[in-house]
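Undergrad: Residue numbers (UniProt numbering): 1 to 284.
Think of the CB as a built atom: it goes at the ideal place given N, C-alpha and C, for glycine as much as any other residue.
If you're wondering where the values come from, they're calculated on a predicted model, not measured in any experiment.
The structure that follows is given in the form of structure tokens.
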């Protein structure tokens with residue numbers, strides 16, 4: 001059964017207030033596809049019945065939280081789009097290694113990391129292409145709003161369909177172990193990663209200064225003011241010589257003019273303008 005206009009409005013308002021996600025008319029199909037499985041999981045006969053129950057419940061309960069998390073979970077796969085990984089391999093990582101030869105440290109942020117495939121893809125690329133980094137302190141931090149996605153990312157276990165999406169067979173054999181549930185990342189990969197819960201529109205937790213930030217296919221869900229705040233926050237946690245990747249349909253143009261863009265192959269690499277005053281700027 002399709003959602004009524006009032007039910008869709010309720011979900012849209014909830015998503016906007018809790019996660020700054022904009023669900024405009026015409027996105028009913030997205031809400032239904034994301035929330036119908038949740039309604040069944042929670043024991044409701046239909047999605048409409050679950051939403052009606054939510055409207056009659058005061059406060060922000062577990063179901064409300066689960067709905068917001070379901071709406072913010074991004075589709076992901078290993079080595080998605082590939083070209084950002086090529087840009088890291090061919091350009092960014094060699095540059096960072098030359099600059100950080102004394103500190104011997106690299107910090108990378110996978111924003112909206114979902115179930116962890118992006119963060120683990122970076123870890124595999126680094127281990128495969130830069131074995132000398134074994135003697136460096138390398139940390140890849142993945143953050144997401146969804147507790148369920150983070151739980152899966154921390155476990156590092158993926159089924160056959162998930163590893164078939166983007167993961168080359170030699171890397172599967174080299175960096176995973178076969179387990180009953182599918183394939184599990186080996187400890188050396190897990191040690192390079194850390195996953196944290198984080199809401200991009202709330203006060204950001206203490207984060208290190210990053211050399212690379214991947215915030216791909218995230219900004220498209222927000223209004224322009226929220227995008228501006230998130231980009232300001234990234235400027236606050238990105239090293240002055242650091243780099244940021246956005247999704248193919250995302251840009252800083254007409255949103256935050258404190259960035260310059262470098263092209264490398266098919267990738268757009270965003271850097272903070274040299275004229276911008278450095279500082280730790282976090283969304284309020």
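Would you tell me roughly how many angstroms separate the C-alpha atoms of residue 214 and residue 172, rounded to the nearest one?
TA: Against the chain shown, residue 214 aligns to sequence position 214. Against the chain shown, residue 172 aligns to sequence position 172. So the alpha carbons of these two residues sit roughly 23 Å apart.
Undergrad: Just mark residue 47 as buried or exposed, buried being the case when its beta carbon has 16 or more other beta carbons within 10 Å.
TA: The residue labelled residue 47 in the question sits at position 47 within the chain shown. That one is buried.
Undergrad: Does the structure place the segment 81–89 close enough to the segment 151–159 that three or more beta carbon pairs sit under 8 Å?
TA: In short, these stretches do not touch, since the Cβ pair count stays below three.
Undergrad: Where does the unbroken beta strand (DSSP E) through residue 238 begin, and where does it stop?
TA: For this step, residue 238 is matched to residue 238 along the chain shown. Where residue 238 is concerned, the enclosing beta strand (DSSP E) stretches over 238–246.
Undergrad: Please report the distance separating the alpha-carbon of residue 7 from that of residue 31.
TA: To locate residue 7, count along the chain shown from 1; it is residue 7. To locate residue 31, count along the chain shown from 1; it is residue 31. Each residue's alpha carbon lies about 10 Å from the other.
Undergrad: Using 8 Å as the threshold, is the segment 113–120 in touch with the segment 137–153, meaning 3 or more CB pairs across them?
TA: Result yes; three or more Cβ-Cβ pairs closer than 8 Å.
Undergrad: Could you tell me the alpha carbon to alpha carbon distance between residue 34 and residue 237, rounded to whole angstroms?
TA: Reading the chain shown from its first residue, position 34 is the one you call residue 34. Reading the chain shown from its first residue, position 237 is the one you call residue 237. In a straight line, the C-alpha of residue 34 is about 32 Å away from that of residue 237.
Undergrad: To test your reading of the DSSP string, which unbroken beta strand (DSSP E) runs of 3 or more residues are found completely within the segment 133–199?
TA: Taking only runs of at least 3 residues, the beta strand (DSSP E) segments lying wholly in the segment 133–199 are 137–144, 176–179, 182–185, 193–197.
Undergrad: Just reading off the beta strand (DSSP E) that residue 88 is part of, what are its end residues?
TA: By 1-based counting over the chain shown, the position of residue 88 is 88. No beta strand (DSSP E) holds residue 88; DSSP gives it neither H nor E.
Undergrad: Suppose the cutoff is 6 Å on Cβ atoms and the five residues either side in sequence are ignored; what does the same chain contact list for residue 221 look like?
TA: Here residue 221 refers to the residue found at position 221 of the chain shown. These residues qualify, in order along the chain: 21.
Undergrad: So, with DSSP's three-state summary, where would you put residue 21?
TA: Taking the first residue of the chain shown as 1, we reach residue 21 at position 21. Strand, per DSSP.
Undergrad: Got a sec, what are the start and stop residues for the beta strand (DSSP E) residue 269 sits in?
TA: Residue mapping note: residue 269 aligns to position 269 of the chain shown, counting from 1. Where residue 269 is concerned, the enclosing beta strand (DSSP E) stretches over 267–272.
Undergrad: Using C-beta distances below 6 Å, list every residue in its chain close to residue 208, excluding the 5 sequence neighbours before and after it, in chain order.
TA: Taking the first residue of the chain shown as 1, we reach residue 208 at position 208. Excluding residues within five positions, the ones whose Cβ falls inside 6 Å are 107.
Undergrad: With DSSP as the reference, please indicate the residues paired to residue 210 in a beta bridge.
TA: For the purposes of this step, residue 210 is taken as the residue at position 210 of the chain shown. Note: residue 210 sits in a beta bridge opposite 238.
Undergrad: Just mark residue 198 as buried or exposed, buried being the case when its beta carbon has 16 or more other beta carbons within 10 Å.
TA: As a first step, residue 198 must be located in the chain shown, where it is residue number 198. Residue 198 is buried by the Cβ-count criterion.
Undergrad: When DSSP builds the beta bridges, which residues end up paired with residue 204?
TA: For this step, residue 204 is matched to residue 204 along the chain shown. The partner list for residue 204 (beta bridge, DSSP) is empty, contrary to what the question assumes.
Undergrad: Can you tell me whether residue 53 is helix, strand or coil according to DSSP?
TA: Position 53 of the chain shown holds residue 53. Of the three classes helix, strand and coil, the one that applies to residue 53 here is helix, per DSSP.
Undergrad: Going straight from the alpha carbon of residue 16 to that of residue 135, what length do you get?
TA: For the purposes of this step, residue 16 is identified with residue 16 of the chain shown, where counting begins at 1. For the purposes of this step, residue 135 is identified with residue 135 of the chain shown, where counting begins at 1. Straight-line Cα distance between these residues: approximately 44 Å.
Undergrad: Could you give the residue range of the alpha helix (DSSP H) that holds residue 62?
TA: As a working mapping, residue 62 is identified with position 62 in the chain shown. Residues 62–72.
Undergrad: Identify whether residue 127 lies in helix, strand or coil by the three-state DSSP scheme.
TA: Counting from 1 along the chain shown, the entry for residue 127 is found at position 127. In the structure shown, residue 127 sits in a helix (DSSP, three-state: H, G or I).
Undergrad: Within 8 Å, do at least three Cβ pairs link the segment 255–263 to the segment 76–86?
TA: These segments do not touch.
Undergrad: Taking just the CA atoms, how far does residue 174 sit from residue 181?
TA: To locate residue 181, count along the chain shown from 1; it is residue 181. To locate residue 174, count along the chain shown from 1; it is residue 174. Looking at the two C-alpha atoms, the distance is approximately 18 Å.
Undergrad: Excluding sequence positions up to five away, which residues of its chain have a Cβ less than 7 Å from the Cβ of residue 224?
TA: In the chain shown, the residue the question calls residue 224 occupies position 224. These residues qualify, in order along the chain: 255.
Undergrad: Would you mind working out which of 261, 229, 145 sits nearest residue 244, comparing C-alpha positions?
TA: For the purposes of this step, residue 244 is taken as residue 244 along the chain shown, with counting starting at 1. Residue 244 has its Cα closest to that of 261, out of 261, 229, 145.
Undergrad: Helix, strand or coil for residue 8, going by three-state DSSP, please let me know.
TA: The residue you call residue 8 lines up with position 8 of the chain shown. Three-state result, residue 8: helix.
Undergrad: Could you tell me how far apart the beta carbons of residue 231 and residue 251 are, in whole angstroms, since I believe they sit closer than 8 Å?
TA: The residue labelled residue 231 in the question sits at position 231 within the chain shown. The residue labelled residue 251 in the question sits at position 251 within the chain shown. About 10 Å separates the two Cβ atoms, so there is no contact after all.
Undergrad: Going by other Cβ atoms of all chains shown within 10 Å of its Cβ, with 16 needed for buried, is residue 233 buried or exposed?
TA: Sequence index remark: in the chain shown, residue 233 carries index 233 (1-based). By the 10 Å Cβ count, residue 233 comes out buried.
Undergrad: Thinking just about the alpha-carbon of each residue, which of 66, 102, 124 is nearest to the one in residue 193?
TA: Taking the first residue of the chain shown as position 1, residue 193 is located at position 193. Residue 193 has its Cα closest to that of 124, out of 66, 102, 124.
Undergrad: Output the distance between the C-alpha atoms of residue 204 and residue 210, rounded to the nearest integer angstrom.
TA: As a first step, residue 204 is located in the chain shown; it is residue number 204 there, counting from the start. As a first step, residue 210 is located in the chain shown; it is residue number 210 there, counting from the start. Cα-Cα distance, rounded: 14 Å.
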